[in-house]
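Engineer:
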Amino acid sequence: MQEMWKTFFTSGPFIPHGHCYLWHTPLVGLHIASDSIIALAYFSIPITLVYFISKREDLPFDWIFALFGAFIVACGITHIFELWTLWHPNYWLSGTMKAITALISLATAILLVDLMPQALALPSPAQLESANRLLEAEIVERQLAEASLKKAKEELEIRVEERTAELKSQTQHLEFANRLLASEIVERQLAEAALKKAKEELEIRVEERTAELKCQTQQLHW
Numbered sequence: 258m259q260e261m262w263k264t265f266f267t268s269g270p271f272i273p274h275g276h277c278y279l280w281h282t283p284l285v286g287l288h289i290a291s292d293s294i295i296a297l298a299y300f301s302i303p304i305t306l307v308y309f310i311s312k313r314e315d316l317p318f319d320w321i322f323a324l325f326g327a328f329i330v331a332c333g334i335t336h337i338f339e340l341w342t343l344w345h346p347n348y349w350l351s352g353t354m355k356a357i358t359a360l361i362s363l364a365t366a367i368l369l370v371d372l373m374p375q376a377l378a379l380p381s382p383a384q385l386e387s388a389n390r391l392l393e394a395e396i397v398e399r400q401l402a403e404a405s406l407k408k409a410k411e412e413l414e415i416r417v418e419e420r421t422a423e424l425k426s427q428t429q430h431l432e433f434a435n436r437l438l439a440s441e442i443v444e445r446q447l448a449e450a451a452l453k454k455a456k457e458e459l460e461i462r463v464e465e466r467t468a469e470l471k472c473q474t475q476q477l478h479w
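Under my numbering, the sequence shown is numbered contiguously, ending at residue 479.
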């Protein structure tokens, strides 16, 4: 096991990759420049993806972006090893990194295929725009309906107030009429009582006068 790890991190019997290019300066420089630029681009893309994910908390399937970032970082490291093996033939280490990159890329490809139906089910920008227009139209209709309802409510309140005032006025008139009627009833009762008393007094006086006349008539006969 120790020997295997020693072979893994050492050059072993291999020669640097630069020997394959016969250390031809323009060719070596071309590979150095290309692998360096690719590695820098690969390392910058995940940073952009992480920034994008952090700013879009509502982003669906954000994990696939993280997986893409890991895949791209692994690709960038393989290009770093391409530069490294130009002078240091650690091909086992370089190959292991490529194997890790292959596993990450394979997992990303499989998960992306599985994710595709869900991604296709997401609404398109045109559909979202159409839905927004419909929503805006519904909001306008609702605002108009609320305004109409508010106006109808205000008109109803005005009519209720007018009717209440009218009923209050009628009630006051009715109360005044009731008071007049009660006063007339009392006056009529008093008048009837006075008339009854006068009638009783008159009957008494008539009876007394009749008795007096009867007595006088008897005296005349004698």
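Positions of the beta carbon are idealized from the N, C-alpha and C atoms, including for glycine.
Measure the alpha-carbon distance for LEU372 versus ILE310 and round it to whole angstroms.
Structural biologist: Spanning the two alpha carbons is a distance of roughly 18 Å.
Engineer: Using DSSP with H/G/I as helix, E/B as strand and the rest coil, what is ASN347?
Structural biologist: Residue state, collapsed to three classes: coil.
Engineer: How many Å lie between LEU438 and GLN446 at the Cα?
Structural biologist: Approximately 12 Å, taken between the alpha carbons.
Engineer: Just curious, the alpha helix (DSSP H) that GLY286 is in, first and last residue?
Structural biologist: That run of the alpha helix (DSSP H) goes 282-312.
Engineer: Would you mind sorting CYS332 into buried or exposed? The rule is 16 or more other CB atoms within 10 Å of its CB.
Structural biologist: CYS332 comes out buried.
Engineer: Which of helix, strand or coil does DSSP assign to PRO374?
Structural biologist: Helix.
Engineer: Please report the straight-line C-alpha distance between GLU418 and GLU412, rounded to a whole angstrom.
Structural biologist: About 10 Å.
Engineer: Since LEU306 and PHE328 are thought to touch, with beta carbons under 8 Å apart, how far apart are those beta carbons, to the nearest angstrom?
Structural biologist: With a Cβ gap of about 11 Å, LEU306 and PHE328 do not count as contacting.
Engineer: Quick check: what's the CA-CA separation for ILE321 versus LYS407?
Structural biologist: Approximately 50 Å between the Cα atoms of the pair.
Engineer: Please state if the CB of ILE337 and the CB of ALA296 are separated by a distance shorter than 8 Å.
Structural biologist: Contact flag set, yes.
Engineer: Which of helix, strand or coil does DSSP assign to ILE272?
Structural biologist: Reduced to three states, the DSSP call for ILE272 is coil.
Engineer: Exposed or buried, what is GLU339 when buried is set at 16 or more other beta-carbons lying within 10 Å of its beta-carbon?
Structural biologist: GLU339 should be labelled buried.
Engineer: Thinking C-beta only, is HIS345 closer than 8 Å to PRO273?
Structural biologist: Yes, the pair counts as a contact, with Cβ atoms nearer than the cut-off.
Engineer: For THR335, count neighbouring C-beta atoms within 10 Å of its own C-beta (all shown protein chains included) and say buried if the count is 16 or more, exposed if not.
Structural biologist: By the neighbour-count rule (16 or more Cβ atoms within 10 Å), THR335 is buried.
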